[in-house]
Amino acid sequence: MGIHPTPILAWDDLEVGAEAPAVSHQLGRTDLVRYAGASGDYNPMHTDEVAAQAAGLPSVFGHGMFSMGLLGRALTDWAGPGNLTNYKVRFTKQTWPDETLTTTVVVTAKRDEDGRRLVDVDASLANQDGEVKVTGSATVIAA
Amino acid sequence: MAVERDDVVGRPTGATTVHVERGPVTAFARAVTDGNPVYADLEAATAAGFDAIPAPPTFTFGSLGWGAFTEDQPEDPTGGSNPMGEIMGGLMAQGGLILHGEQEFTYHRPVVVGDTLHHEGEVVDLYTKESGDRTMTFLVIENRFTDDDGAPVVTERFNLIHRS
Chain A
4 MGIHPTPILA
14 WDDLEVGAEA
24 PAVSHQLGRT
34 DLVRYAGASG
44 DYNPMHTDEV
54 AAQAAGLPSV
64 FGHGMFSMGL
74 LGRALTDWAG
84 PGNLTNYKVR
94 FTKQTWPDET
104 LTTTVVVTAK
114 RDEDGRRLVD
124 VDASLANQDG
134 EVKVTGSATV
144 IAA
Chain B
215 MAVERDDVVG
225 RPTGATTVHV
235 ERGPVTAFAR
245 AVTDGNPVYA
255 DLEAATAAGF
265 DAIPAPPTFT
275 FGSLGWGAFT
285 EDQPEDPTGG
295 SNPMGEIMGG
305 LMAQGGLILH
315 GEQEFTYHRP
325 VVVGDTLHHE
335 GEVVDLYTKE
345 SGDRTMTFLV
355 IENRFTDDDG
365 APVVTERFNL
375 IHRS
């Protein structure tokens with residue numbers, strides 16, 4: 004089965020320090036419910052405002068894996084779906100409804116490995132005040 | 215700590231046969247705001263070089279709930295006692311909070327619709343750190359997904375942190 008997609012990043016044009024186009028998204032409560040349904044994570048801290056406030060939180064908060072998914076979209080918008088070899092994050096802060104979350108993806112290295120042209124990036128997600136929610140790194144395949 | 219590291223590292227957390235279906239893949243892409251047509255449209259997927267619709271990068275993490283059909287599940291390797299539940303449940307009985315601290319995916323090849331993935335989870339580490347007057351307990355789990363030929367597809371590694 005042909006399952007390896009065509010790489011779309013032009014290796015020769017990439018330089019360390021180059022940035023992928025940013026993705027921005029204002030987090031809504033519907034996003035939390037939709038992600039709960041699609042992932043199966045119905046933790047009430049993400050879906051039930053009454054339960055979240057009873058637990059002492061100001062409101063429901065976003066799934067960490069939604070943040071990772073949004074940041075992953077910035078990676079695949081840029082490098083093409085299927086062109087990742089590794090993607091890892093640390094969840095540093097919770098996300099809250101009405102925050103605007105924006106991705107930053109920066110090239111840190113280019114290397115040839117087993118005949119593949121690989122590009123290492125740092126990847127992070129922050130809100131409108133620059134508070135970092137997720138920080139991590141990834142390796143993508145270039146052409 | 216109630217559970218010692220040496221007693222828990224290497225213990226299985228579960229085994230699952232996961233069917234990757236088109237509807238859940240497309241719904242998952244929408245749920246992470248990803249409108250890329252390759253996740254919904256076979257022609258777009260083909261144009262990108264795939265033979266089938268691919269899954270977004272973080273899909274497998276939630277796939278166990280969607281794709282595990284009852285009729286072809288492997289035997290439960292935990293013997294009915296999942297160390298994740300034992301350790302985190304034991305700690306939560308004394309109060310505190312559980313956080314998802316880190317998540318890593320290593321992709322051996324893309325996951326595509328039509329794949330049958332064979333998942334095995336295992337505890338790979340357990341340690342504590344003191345932070346002020348709190349104890350942080352870190353439980354590290356690896357989830358390995360292989361295909362019908364036994365070839366690796368995705369390896370996930372993540373930690374759960376209990377904060378006392």
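These protein sequences, in sequence, are chains A and B. For the first sequence, the numbering used here assigns the number 4 to the initial residue and increments by one for each residue that follows. For the second sequence, the numbering used here assigns the number 215 to the initial residue and increments by one for each residue that follows. Note that CB positions come from ideal geometry on N, CA and C, so glycine has one too.
Review point. Of all the CB atoms in chain D, is at least one closer than 8 Å to the CB of Glu318/B?
Key: This model lacks chain D altogether; the protein chains it does include are A and B.
Review point. Any beta-carbon of chain B closer than 8 Å to the one on Phe64/A?
Key: The residue labelled residue 64/A in the question sits at position 61 within the first sequence. Not closer than 8 Å to any Cβ of chain B, the Cβ of Phe64/A fails to qualify, so no.
Review point. Buried or exposed: which applies to Pro288/B, given that a residue is buried once 16 or more other Cβ atoms fall within 10 Å of its Cβ?
Key: Against the second sequence, residue 288/B aligns to sequence position 74. Around the Cβ of Pro288/B, a 10 Å sphere holds fewer than 16 other Cβ atoms; the residue is exposed.
**Study point:** Whole alpha helix (DSSP H) elements within the segment 268-345 of chain B, 4-residue minimum
**Key:** 273-281 and 297-306
Practice item. Report yes if the CB atom of Pro24/A is closer than 8 Å to the CB atom of Trp81/A, and no otherwise. Key: If you number the first sequence from 1, residue 24/A lands on position 21. If you number the first sequence from 1, residue 81/A lands on position 78. Yes, they are a contact pair.
Review point. Does any C-beta atom of chain A lie closer than 8 Å to the C-beta of Phe264/B?
Key: Taking the first residue of the second sequence as position 1, residue 264/B is located at position 50. At least one chain A Cβ lies under 8 Å of Phe264/B.
Review point. With distances taken between CB atoms, is the gap from Pro270/B to Phe242/B smaller than 8 Å?
Key: Start at 1 with the first residue of the second sequence, and residue 270/B comes out as number 56. Start at 1 with the first residue of the second sequence, and residue 242/B comes out as number 28. Cβ distance < 8 Å, so Pro270/B and Phe242/B count as in contact.
Exercise for review: Could you tell me whether the segment 98-107 of chain A touches the segment 65-72 of chain A, using the rule of 3 or more Cβ pairs below 8 Å?
Suggested key: yes
Review point. Going along chain A, which residues have a C-beta under 9 Å from Arg323/B?
Key: As a position in the second sequence, residue 323/B is number 109, starting the count at 1. Within chain A, the residues near Arg323/B are Ile6, His7 and Gly85.
Check your understanding: Any chance the CB of Lys91/A is under 7 Å from a heavy atom of the ligand FMN?
Key -> As far as ligands go, the structure on display features none, and thus does not contain the ligand FMN.
Exercise for review: Go through its chain and collect everything with a Cβ distance to Arg76/A's Cβ below 7 Å, but skip five positions before and after it.
Suggested key: Position 73 of the first sequence, counted from the first residue, corresponds to residue 76/A. Cβ neighbours of Arg76/A beyond the five flanking positions: Val26.
Point to revise | Residue-level contact to chain B via CB, His49/A, 8 Å cutoff | key: As a working note, residue 49/A is residue 46 in the first sequence. Not an interface residue.
**Study point:** Of the listed residues Ser62/A, Asp15/A, Asn46/A and Met71/A, nearest to Val108/A (C-alpha basis)
**Key:** In the first sequence, residue 108/A corresponds to position 105, counting from 1. Considering only alpha carbons, the answer is Met71/A.
Point to revise | Selected residue, minimal CA-CA separation from Glu336/B, among Val222/B, Trp280/B and Gly294/B | key: Residue numbering aside, residue 336/B sits at position 122 when the second sequence is read from its first letter. The residue with the shortest Cα to Cα distance from Glu336/B is Val222/B.
Check your understanding: Can you find a C-beta in chain A that's less than 8 Å from the C-beta of His314/B?
Key -> By 1-based counting over the second sequence, the position of residue 314/B is 100. For His314/B, the answer is yes, since a Cβ of chain A falls inside 8 Å of its Cβ.
Point to revise | Beta bridge counterpart(s) of Phe94/A as assigned by DSSP | key: One-based indexing of the first sequence puts residue 94/A at position 91. Residue pairing for Phe94/A: DSSP places it in a beta bridge opposite Val137/A.
Practice item. Output yes or no for whether 8 Å exceeds the beta carbon distance between Ala229/B and Pro297/B. Key: By 1-based counting over the second sequence, the position of residue 229/B is 15. By 1-based counting over the second sequence, the position of residue 297/B is 83. The answer is no: Cβ separation not under 8 Å.
Exercise for review: Starting from the Cα of Pro84/A, find the closest Cα among Tyr253/B, Tyr341/B and Thr247/B and give me that residue.
Suggested key: Taking the first sequence and counting its residues from 1, the one referred to as residue 84/A is at position 81. Taking only the C-alpha atoms, the option nearest Pro84/A is Tyr253/B.
Point to revise | Cα-Cα separation, Ile355/B to Glu318/B | key: Here the question's residue 355/B lines up with position 141 in the second sequence. Here the question's residue 318/B lines up with position 104 in the second sequence. Going by the C-alpha atoms only, they are around 10 Å apart.
Check your understanding: Excluding sequence positions up to five away, which residues of its chain have a Cβ less than 8 Å from the Cβ of Pro324/B?
Key -> Residue numbering aside, residue 324/B sits at position 110 when the second sequence is read from its first letter. Phe264, Pro268 and Ala269, listed in sequence order.
Check your understanding: Apart from the five residues on each side of it in sequence, which residues of its chain come closer than 8 Å, Cβ to Cβ, to Phe283/B?
Key -> Position 69 of the second sequence, counting from 1, holds the residue named residue 283/B. These residues qualify, in order along the chain: Thr231 and His233.
Check your understanding: For chain A, is any of its Cβ atoms less than 8 Å away from the one on Val234/B?
Key -> Here residue 234/B corresponds to residue number 20 of the second sequence, with the count starting at 1. It does not; no Cβ of chain A falls within 8 Å.
**Study point:** Leu73/A classed as buried or exposed, judged by whether at least 16 other C-beta atoms fall within 10 angstroms
**Key:** Here residue 73/A refers to the residue found at position 70 of the first sequence. Looking at its Cβ environment, which holds 16 or more other Cβ atoms inside 10 Å, Leu73/A is buried.
Practice item. State the DSSP-derived secondary structure class of Gly72/A, mapped to helix, strand or coil. Key: Along the first sequence, one-based indexing puts residue 72/A at 69. Residue state, collapsed to three classes: helix.
Review point. Taking the DSSP output, what are the residues bridged to Thr231/B?
Key: Reading the second sequence from its first residue, position 17 is the one you call residue 231/B. The partner list for Thr231/B (beta bridge, DSSP) reads His332/B.
Exercise for review: Using a Cβ-Cβ cut-off of less than 8 Å, list which residues of the segment 245-270 of chain B approach chain A; keep chain order.
Suggested key: Ala245, Val246, Thr247, Asp248, Asn250, Val252, Tyr253, Ala262, Gly263, Phe264, Asp265, Ala266, Pro268 and Pro270
Check your understanding: So what does DSSP say about Ala23/A, is it helix, strand or coil?
Key -> Your numbering for residue 23/A matches position 20 in the first sequence. In the structure shown, Ala23/A sits in coil (DSSP, three-state: anything other than H, G, I, E or B).
**Study point:** Under 8 Å (Cβ pairs) to chain B, residues found in the segment 28-60 of chain A
**Key:** His28, Asp34, Arg37, Tyr38, Gly40, Ala41, Ser42, Gly43 and Asp44
Check your understanding: Would you report the Cα separation of Leu343/B and Arg377/B, rounded to the nearest angstrom?
Key -> The residue you call residue 343/B lines up with position 129 of the second sequence. The residue you call residue 377/B lines up with position 163 of the second sequence. It is Lys, not Leu, that sits at residue 343/B in the sequence shown. C-alpha separation (whole angstroms): 10 Å.
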